[in-house]
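Engineer: Numbering (the numbering used here), first residue to last: 10 to 108. All C-beta atoms, glycine included, are put in the ideal place defined by N, C-alpha and C. All figures in this text were calculated on a predicted structure; none of them were measured in a lab. What follows is a structure written as structure tokens; I'll ask about it next.
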């Protein structure tokens, strides 16, 4: 098991979006969706990373940091408006760090 981080715990929240495709999308639709969400995250002052999954019940996991709870909800709503995907929002805090 990794070492616990030294010092006070971080109060930063990371927002995870578990994303499932609800319909088949072309490569250009996928790229436009990623670009639109990235722009929205940056507008809210955050940073995001997108991970493609393999063998999971969902297609992608996105992690977003540096945003408020209200911004996280707005982003989830925007993802849902795209119609071709569904996002489940899961907030989390870091509890340990392997070093």
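Alpha carbon to alpha carbon, what distance is there between residue 107 and residue 88?
Structural biologist: Going from the Cα of residue 88 to the Cα of residue 107 covers about 32 angstroms.
Engineer: Check whether the stretch 71 to 79 and the stretch 17 to 33 touch, using three or more Cβ-Cβ pairs below 8 angstroms as the test.
Structural biologist: As far as the Cβ criterion goes, the stretch 71 to 79 touches the stretch 17 to 33, which means the pair count is three or higher.
Engineer: What does the alpha-carbon distance come out to for the pair residue 43 and residue 69?
Structural biologist: Whole-angstrom Cα-Cα distance: 11 angstroms.
Engineer: List the whole-angstrom C-beta distance separating residue 74 from residue 54, where the pair is believed to meet the contact cut-off of C-beta under 8 angstroms.
Structural biologist: Incorrect: roughly 10 angstroms between the Cβ atoms, too far for contact.
Engineer: Between residue 30 and the rest of its own chain, which residues show a CB-CB distance below 7 angstroms, the 5 nearest in sequence each way excluded?
Structural biologist: 68, 93, 94.
Engineer: Excluding five sequence neighbours on each side, which residues of the same chain lie with their C-beta closer than 6 angstroms to the C-beta of residue 72?
Structural biologist: Taken in chain order, the residues that qualify are 23, 25, 58.
Engineer: For residue 101, report the span of its beta strand (DSSP E) as first-last.
Structural biologist: Per DSSP, residue 101 belongs to the beta strand (DSSP E) from 94 to 102.
Engineer: For the beta strand (DSSP E) holding residue 22, just list the boundary residues, first then last.
Structural biologist: Unbroken beta strand (DSSP E) run through residue 22: 22 to 30.
Engineer: Where does residue 58 sit, in a helix, a strand or coil, going by DSSP?
Structural biologist: Of the three classes helix, strand and coil, the one that applies to residue 58 here is strand, per DSSP.
Engineer: Can you tell me whether DSSP reads residue 71 as helix, strand or coil?
Structural biologist: Correct three-state label for residue 71: strand.
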